[in-house]
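One structure is given here, and the rest of the page talks about it.
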Amino acid sequence: MPYLRAQVSVEYLSLMAVALVIAIIMWGVVSTTASGANDQAAIASSKQAVGKIRDAADLVYTQGAPSQLSIAFVTPRELASVSSSSREISFTLNMSTGQNTYFQDTYADLEGYGLDTLAGNPGTHTLLATAIRRGGTTIVQLNVTG
247 MPYLRAQVSV EYLSLMAVAL VIAIIMWGVV STTASGANDQ AAIASSKQAV GKIRDAADLV
307 YTQGAPSQLS IAFVTPRELA SVSSSSREIS FTLNMSTGQN TYFQDTYADL EGYGLDTLAG
367 NPGTHTLLAT AIRRGGTTIV QLNVTG
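FYI, the numbering for the sequence shown is 247 to 392, going by the numbering used here.
Structural data, given as structure tokens:
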């Protein structure tokens with residue numbers, strides 16, 4: 247009889263080992279899928295934010311000084327940096343696959359104030375786009391107000 251108990255114990259142990267291997271494989275698949283979903287959500291949020299900022303800048307630029315427009319947008323926690331150069335707004339994200347940059351070009355020359363505070367500060371923010379005249383040209387100032 248002791249031989250049968252040992253055999254049952256070994257069979258039970260091998261059954262548990264197979265179940266553990268299956269569970270580990272499933273965990274790996276679910277983890278990879280969840281990471282991809284988080285990345286896709288961050289990308290969508292960033293693209294929407296960059297698009298809203300670009301649209302606001304273009305709108306006040308075409309209306310001319312002293313037009314203003316306040317917009318609200320959401321930034322993801324993966325946001326590493328925000329910059330506005332001459333006619334470009336860009337968001338750089340730290341993704342599971344590395345850094346990705348999303349940008350939009352505008353018609354207006356841009357000046358950004360407080361954009362660096364967006365990185366590392368996820369959530370809803372408010373931005374005021376203001377068209378000003380300087381030296382015979384229209385410039386759009388982007389000010390993060392909240």
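Don't be surprised by glycine CBs; every beta carbon is placed ideally from N, CA and C.
Given the structure is predicted, the values throughout are model-derived calculations rather than measurements.
Q | Exposure label - Gly358; buried when at least 16 CB within 10 Å | A | Position 112 of the sequence shown holds residue 358. Gly358 is buried by the Cβ-count criterion.
Q.
Tell me the rounded alpha-carbon separation between Gly392 and Ile271.
A. Position 146 of the sequence shown, counting from 1, holds the residue named residue 392. Position 25 of the sequence shown, counting from 1, holds the residue named residue 271. C-alpha separation (whole angstroms): 44 Å.
**Q.** Ser329, DSSP secondary structure in three states
**A.** On the sequence shown, residue 329 is found 83 positions in, with the first residue counted as 1. Strand, per DSSP.
Q. Residues in its own chain within less than 8 Å of Lys293 by CB, not counting five upstream and five downstream?
A. For the purposes of this step, residue 293 is taken as residue 47 along the sequence shown, with counting starting at 1. Taken in chain order, the residues that qualify are Tyr348.
Q. Met341 bridges to which residues according to DSSP?
A. Sequence index remark: in the sequence shown, residue 341 carries index 95 (1-based). Its beta-bridge partners are Gly344.
Q) Based on Cα-Cα distance, which residue from Val386, Ile268, Ile289, Val276 lies nearest to Thr343? A) Mapped onto the sequence shown, residue 343 falls at position 97. For the options Val386, Ile268, Ile289, Val276, the alpha carbon positioned closest to that of Thr343 is the one of Ile289.
Q. Any chance the stretch 307 to 322 sits against the stretch 372 to 379, with 3 or more Cβ pairs inside 8 Å?
A. Because the criterion of three Cβ pairs below 8 Å is met, the stretch 307 to 322 and the stretch 372 to 379 touch.
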